[in-house]
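Protein chains in written order, with my numbering: chain E, 1 to 295; chain B, 1001 to 1185.
Built from N, CA and C at the ideal position, the CB exists for glycine as well.
Just so it is clear, the structure is predicted and the values come from calculations on it, not from any experiment.
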């Protein structure tokens, strides 16, 4: 951002405005030196008027060619209300296309702001603004040592692929996560599957009593089924233990569990006692201990 | 039943995300291929470019290649097709390169004493550089080459005088040459 220097003009006595129509008039311009071909020069005009005064915005300079070396690239204005009046901020942005042979002083031509007050038209002149422009190169058009006399072509930048990379990274990660979850559901991570089955069963049965024996048995069965990957029946216990030798120490308790379950589900004269529940919980705790690797 | 629904949903999600992932990978690969094409063109190897669908960066690179090979008409046609494509930075480059083609041909014409051909070329070059600077006022190469183009024109005007009446030549020379030379827009 160029440092703006204040170029202050007092209009009282030197303008054509009606008495009291313009309360303040300021032109802000940047440094008046050091410009080269193609540079932009911003100019801001601040005008404060009485409340019955209106700026004729149609008379403001319009975008386009001012003269053969000066373009007005942008012309905008803004009107805000202030106590007993109006404040106008006019922003102009010029572009210079002058090629001097040496440092040269030029002038941005002034113009007049048209104001209307009670049917009368008056004007507030914006003065010329002088600045200097400098050449970019020496006078002669000639080739340098490499035979070059002009700057080379502009090459295109590489097409940015960052967005595609990020999108691929995110979508691939998500796809992997979903695939992992699917593998988990299908039991392809037996360690993960196994590690929690008795923990969950233990949590479920810990607060149950002999009145809930059906739920206790179901929870323990569910844990063994999960571990086995399919429903586990009494006749398959030996096969199960051969595949899960870490549970071999519990063979007796396992056989008791399946026999008890059979009696509960298919027998008619089973009387559940507290000791049965304790034995089932103990079995589950032992299985949990093996599951955690602590046995 | 719930298990089947859950599995179905997970499979569906995996299919959708997997398809998106493959599409992103395909896009990324496509961009890498395009960047390789740009590099190839800029290093002086020709690549057949589909003018209608190719990205403007590739067509700009091909225009650079064509100009490098002095195939000015093809380069001009390539650049003209992407004048209004891309962001303002790219459009500024297109106009600048267009100006370079005109200016290079103008200088060749001047060296061949063909000033009648050089004059309109310089005018076109100036116009293109000014358009580039209007889009990007900090485009220093465009500033420099516009200055070259503007310096070229007064030299050509003096060249014209040499073929005219000596008396008139003397009179006109003194209007432009003596003292501190005036700058030209």
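Among the options, nearest to residue i - alpha-carbon criterion
i: residue 22 of chain E; options: E/56, E/85 and E/38; result: E/85
i: residue 1125 of chain B; options: B/1105, B/1065, B/1022 and B/1115; result: B/1105
i: residue 153 of chain E; options: B/1122, B/1103 and B/1046; result: B/1103
i: residue 45 of chain E; options: E/112, E/282, E/104 and E/166; result: E/112
i: residue 1061 of chain B; options: E/125, E/158 and E/48; result: E/158
i: residue 1151 of chain B; options: E/165, E/156 and E/136; result: E/136
i: residue 43 of chain E; options: E/52, E/29 and E/132; result: E/29
i: residue 116 of chain E; options: E/231, E/177, E/59 and E/263; result: E/59
i: residue 24 of chain E; options: E/40, E/53 and E/41; result: E/53
i: residue 1032 of chain B; options: E/129, E/161, E/75 and E/126; result: E/161
i: residue 1014 of chain B; options: E/172, E/223 and E/240; result: E/172
i: residue 1109 of chain B; options: B/1153, B/1038, B/1025 and B/1049; result: B/1153
i: residue 100 of chain E; options: B/1029, B/1045, B/1146 and B/1138; result: B/1146
i: residue 126 of chain E; options: E/118, E/247 and E/109; result: E/109
i: residue 1028 of chain B; options: E/27, E/149 and E/166; result: E/166
i: residue 1089 of chain B; options: E/156, E/63 and E/27; result: E/156
Straight-line gap, residue i to residue j (C-alpha atoms, nearest Å)
i: residue 185 of chain E; j: residue 179 of chain E; result: 10 Å
i: residue 1073 of chain B; j: residue 1022 of chain B; result: 41 Å
i: residue 207 of chain E; j: residue 266 of chain E; result: 25 Å
i: residue 1130 of chain B; j: residue 38 of chain E; result: 8 Å
i: residue 250 of chain E; j: residue 1016 of chain B; result: 46 Å
i: residue 10 of chain E; j: residue 87 of chain E; result: Residue placement at residue 10 of chain E is poorly supported in this model, since its pLDDT is 40, which falls under 50; the coordinates still yield a value, given next. Distance between the alpha carbons of residue 10 of chain E and residue 87 of chain E: 16 Å.
i: residue 1095 of chain B; j: residue 1009 of chain B; result: 53 Å
i: residue 168 of chain E; j: residue 1011 of chain B; result: 19 Å
i: residue 217 of chain E; j: residue 1018 of chain B; result: 42 Å
i: residue 139 of chain E; j: residue 105 of chain E; result: 18 Å
i: residue 1047 of chain B; j: residue 66 of chain E; result: 45 Å
i: residue 176 of chain E; j: residue 187 of chain E; result: 16 Å
i: residue 221 of chain E; j: residue 229 of chain E; result: 12 Å
i: residue 51 of chain E; j: residue 120 of chain E; result: 14 Å
i: residue 244 of chain E; j: residue 271 of chain E; result: 32 Å
i: residue 1005 of chain B; j: residue 182 of chain E; result: 13 Å
i: residue 1140 of chain B; j: residue 40 of chain E; result: 13 Å
i: residue 1163 of chain B; j: residue 1112 of chain B; result: Since pLDDT at residue 1163 of chain B reaches only 45, below the 50 mark, its modelled position is unreliable, and the value read off the structure follows with that caveat. For residue 1163 of chain B and residue 1112 of chain B, the distance between alpha carbons rounds to 15 Å.
i: residue 274 of chain E; j: residue 254 of chain E; result: 18 Å
i: residue 1157 of chain B; j: residue 1127 of chain B; result: For residue 1157 of chain B, the pLDDT reaches just 46, beneath the cut-off of 50, and the residue's location in the model is therefore unreliable, although a value from the coordinates is still provided. Cα to Cα, residue 1157 of chain B sits roughly 19 Å from residue 1127 of chain B.
i: residue 81 of chain E; j: residue 1092 of chain B; result: 40 Å
i: residue 213 of chain E; j: residue 170 of chain E; result: 48 Å
For residue i, three-class secondary structure by DSSP
i: residue 1087 of chain B; result: coil
i: residue 94 of chain E; result: strand
i: residue 236 of chain E; result: helix
i: residue 32 of chain E; result: coil
i: residue 256 of chain E; result: helix
i: residue 40 of chain E; result: strand
i: residue 69 of chain E; result: coil
i: residue 88 of chain E; result: strand
i: residue 1043 of chain B; result: coil
i: residue 169 of chain E; result: helix
i: residue 231 of chain E; result: coil
i: residue 359 of chain E; result: No answer is possible for residue 359 of chain E: it lies beyond the span of chain E, which begins at 1 and ends at 295.
i: residue 103 of chain E; result: coil
i: residue 111 of chain E; result: strand
i: residue 5 of chain E; result: Residue placement at residue 5 of chain E cannot be trusted, given a pLDDT of 42 that sits under 50; what the coordinates show is reported in the next sentence. Correct three-state label for residue 5 of chain E: strand.
i: residue 1049 of chain B; result: coil
Partner residues on chain E for residue i, Cβ-Cβ distance less than 8 Å
i: residue 1141 of chain B; result: 151, 152 and 154
i: residue 1061 of chain B; result: 155 and 156
i: residue 1013 of chain B; result: 178
i: residue 1021 of chain B; result: 168, 171, 172, 174 and 175
Whole-Å CB distance - residue i paired with residue j, under 8 Å assumed
i: residue 114 of chain E; j: residue 56 of chain E; result: 4 Å
i: residue 1143 of chain B; j: residue 89 of chain E; result: At roughly 30 Å, the Cβ-Cβ gap does not stay under 8 Å, so residue 1143 of chain B and residue 89 of chain E are not in contact.
i: residue 32 of chain E; j: residue 131 of chain E; result: 4 Å
i: residue 124 of chain E; j: residue 47 of chain E; result: 7 Å
i: residue 1056 of chain B; j: residue 1086 of chain B; result: 4 Å
Residue i: contacting residues in chain E (beta-carbon distance under 7 Å)
i: residue 1027 of chain B; result: 164
i: residue 1130 of chain B; result: 97
i: residue 1150 of chain B; result: 99
i: residue 1017 of chain B; result: 171, 174, 175 and 178
i: residue 1067 of chain B; result: 153
Neighbouring residues, chain B, relative to residue i (Cβ below 7 Å)
i: residue 63 of chain E; result: Within chain B, no residue comes near residue 63 of chain E; the closest Cβ sits about 11 Å away, beyond 7 Å.
i: residue 159 of chain E; result: 1031, 1034, 1035, 1055 and 1057
Closer than 9 Å at the beta carbon, the chain B residues around residue i
i: residue 131 of chain E; result: What residue 131 of chain E touches in chain B: nothing, since even the nearest Cβ is about 14 Å away.
9 Å Cβ cut-off: residues of chain E touching residue i
i: residue 1144 of chain B; result: 37, 136, 137, 150 and 151
i: residue 1187 of chain B; result: Given that chain B is displayed from residue 1001 to residue 1185, the structure contains no residue 1187 of chain B and the question cannot be resolved.
Closer than 7 Å: residue i CB and nearest the ligand MN heavy atom
i: residue 62 of chain E; result: Among the components modelled here there is no ligand, and therefore nothing to report on the ligand MN.
Using a Cβ-Cβ cut-off of less than 7 Å, give me the residues of the stretch 164-198 of chain E that come near chain C, in sequence order. Reference to chain C is not applicable here, since the protein chains of this structure are E and B.
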